[in-house]
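Have a look at the structure below, then the notes.
In my numbering, the protein residues as written are 1042 to 1278.
Dropping the structure here:
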């Protein structure tokens, strides 16, 4: 699917940023709708059903978190938060409500367009396993049918829980998944020790993957928020 088939809604009250993001997206071949308030954003979302939303949280008529909640009540369209809020609490709140990604201002144009591509690609693949039953990123291969994980064609022996974590992250590759969302998907409940349990499993996975501290090429750490699996190889698309 070419870029010009994708429609993106930008909800941003700062005129200069809104105009800049609109120009950037149009230059990259996307159709763009813009809104300066939450009310206008929700109206455009309902009437135009965009493929993706780029959302500021500090809107003049309400918090952007309410916008995310409203979108998620009726749609699975990707939402990328673009905000000056930098605290872990704000990031986790947005992601747990259903945002697909969170970018803080100021931001790089290459980063924003890359996150847009990743979110759109992930959304259009989010129907379970990939068509050929495999996820491939760099030297990492996940064979969903056989529940096998390989690095450079060598099988990596994972426990059932470790495999489930890796497969979950791969199914949402390119997207930040919060600690809470991963724990709930894997264990179905949370408790004070859940995050630590997840971190221990991630550490074991990285060790088996042969990663060294500070050099984990497949599973990226979003400090204080969660984890992100690198994107699937574009060459396979």
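Beta carbons are placed, not taken as given, at the ideal position from N, Cα and C, and that holds for glycine.
In chain order, which continuous runs of the alpha helix (DSSP H) of length 4 or greater are located wholly inside the segment 1099 to 1171? 1105 to 1113, 1129 to 1138 and 1150 to 1166
Same chain, Cβ closer than 6 Å to residue 1154, five either side skipped, listed in chain order: As a position in the chain shown, residue 1154 is number 113, starting the count at 1. Excluding positions up to five away in sequence, the list reads 1069.
Determine the extent of the alpha helix (DSSP H) in which residue 1065 is found, giving its start and end residues. Locating residue 1065 in the chain shown gives position 24, where the first residue counts as 1. Note, residue 1065: alpha helix (DSSP H), 1056 to 1068.
Going by the CB atoms, is the gap between residue 1243 and residue 1259 shorter than 7 Å? Within the chain shown, residue 1259 is the residue found at index 218, counting from 1. Within the chain shown, residue 1243 is the residue found at index 202, counting from 1. Going by C-beta atoms, residue 1259 is not nearer than 7 Å to residue 1243.
Cβ neighbour criterion (16 or more within 10 Å) applied to residue 1151: Numbered from 1 along the chain shown, position 110 holds the residue referred to as residue 1151. Label assigned to residue 1151: exposed.
Contact check, residue 1266 vs residue 1132 under 8 Å by CB: the rounded distance? Translated into positions along the chain shown, residue 1266 becomes position 225. Translated into positions along the chain shown, residue 1132 becomes position 91. Their Cβ separation, rounded to whole angstroms, is 5 Å, which keeps residue 1266 and residue 1132 in contact under 8 Å.
Residues bridged to residue 1268 [DSSP beta-bridge criterion]: By one-based count along the chain shown, residue 1268 stands at place 227. According to DSSP, residue 1268 bridges with 1218 and 1262.
Through-space distance from residue 1174 to residue 1111, alpha-carbon basis: Residue 1111 sits at position 70 when you count from the first residue of the chain shown. Residue 1174 sits at position 133 when you count from the first residue of the chain shown. Cα to Cα, residue 1111 sits roughly 33 Å from residue 1174.
Determine the burial state of residue 1157: buried for a count of at least 16 other Cβ atoms within 10 Å of its Cβ, exposed for fewer. Counting from 1 along the chain shown, the entry for residue 1157 is found at position 116. So residue 1157 counts as buried.
Do you know offhand how far residue 1088's Cα is from residue 1082's? To locate residue 1088, count along the chain shown from 1; it is residue 47. To locate residue 1082, count along the chain shown from 1; it is residue 41. Roughly 10 Å between the two C-alpha positions.
Taking the alpha-carbon positions, what's the residue 1143 to residue 1137 distance? Against the chain shown, residue 1143 aligns to sequence position 102. Against the chain shown, residue 1137 aligns to sequence position 96. Cα to Cα, the separation comes out at about 11 Å.
Local conformation of residue 1236 per DSSP, three classes: Indexing the chain shown from 1 puts residue 1236 at position 195. Residue state, collapsed to three classes: helix.
Compare the beta carbon distance of residue 1073 and residue 1065 with 7 Å and say whether it is the shorter of the two. For this step, residue 1073 is matched to residue 32 along the chain shown. For this step, residue 1065 is matched to residue 24 along the chain shown. No.
Within a Cβ cutoff of 8 Å, which residues of the same chain sit near residue 1055, ignoring the five residues on either side of it in sequence? Here the question's residue 1055 lines up with position 14 in the chain shown. Closer than 8 Å at the Cβ level, and outside the excluded window around residue 1055, lie 1097.
Measuring CB to CB, does residue 1085 end up less than 7 Å from residue 1161? Numbered from its first residue, the chain shown carries residue 1085 at position 44. Numbered from its first residue, the chain shown carries residue 1161 at position 120. For residue 1085 and residue 1161, no; Cβs fall outside 7 Å.
Using a 10 Å radius around the Cβ and a threshold of 16 neighbouring Cβ atoms, would you call residue 1219 buried or exposed? Position 178 of the chain shown holds residue 1219. Buried, since its Cβ has 16 or more Cβ neighbours within 10 Å.
Assuming residue 1202 is part of the alpha helix (DSSP H), what are its boundary residues? Residue mapping note: residue 1202 aligns to position 161 of the chain shown, counting from 1. Looking at the DSSP string, the run of the alpha helix (DSSP H) that includes residue 1202 is 1201 to 1212.
Is residue 1048 near residue 1091, with beta carbons less than 7 Å apart? Residue numbering aside, residue 1048 sits at position 7 when the chain shown is read from its first letter. Residue numbering aside, residue 1091 sits at position 50 when the chain shown is read from its first letter. It is a contact, given that the beta carbons lie within the stated cut-off.
Whole angstroms is fine: what's the gap from residue 1105's alpha carbon to residue 1273's? Residue mapping note: residue 1105 aligns to position 64 of the chain shown, counting from 1. Residue mapping note: residue 1273 aligns to position 232 of the chain shown, counting from 1. Each residue's Cα considered, the two are about 30 Å apart.
Measure the alpha-carbon distance for residue 1063 versus residue 1053 and round it to whole angstroms. Taking the first residue of the chain shown as 1, we reach residue 1063 at position 22. Taking the first residue of the chain shown as 1, we reach residue 1053 at position 12. Near 10 Å, if we compare the C-alpha coordinates of residue 1053 and residue 1063.
For residue 1268, tell me which candidate among 1180, 1212 and 1046 has the shortest Cα-Cα distance. Taking the chain shown and counting its residues from 1, the one referred to as residue 1268 is at position 227. Of the listed residues, the one whose Cα sits closest to residue 1268 is 1212.
Does the distance from the C-beta atom of residue 1109 to that of residue 1139 stay below 7 Å? Mapped onto the chain shown, residue 1109 falls at position 68. Mapped onto the chain shown, residue 1139 falls at position 98. Going by C-beta atoms, residue 1109 is nearer than 7 Å to residue 1139.
For residue 1222 and residue 1263, the rounded distance between their alpha carbons: Taking the first residue of the chain shown as 1, we reach residue 1263 at position 222. Taking the first residue of the chain shown as 1, we reach residue 1222 at position 181. Distance between the alpha carbons of residue 1263 and residue 1222: 14 Å.
Beta-bridge partners of residue 1184, as assigned by DSSP: Residue mapping note: residue 1184 aligns to position 143 of the chain shown, counting from 1. Its beta-bridge partners are 1175 and 1189.
Take the Cβ of residue 1214 as the centre, count every other Cβ of all protein chains shown within 10 Å, and call the residue buried at 16 or more, exposed below. Within the chain shown, numbered from 1, the residue matching residue 1214 stands at position 173. Burial call: buried.
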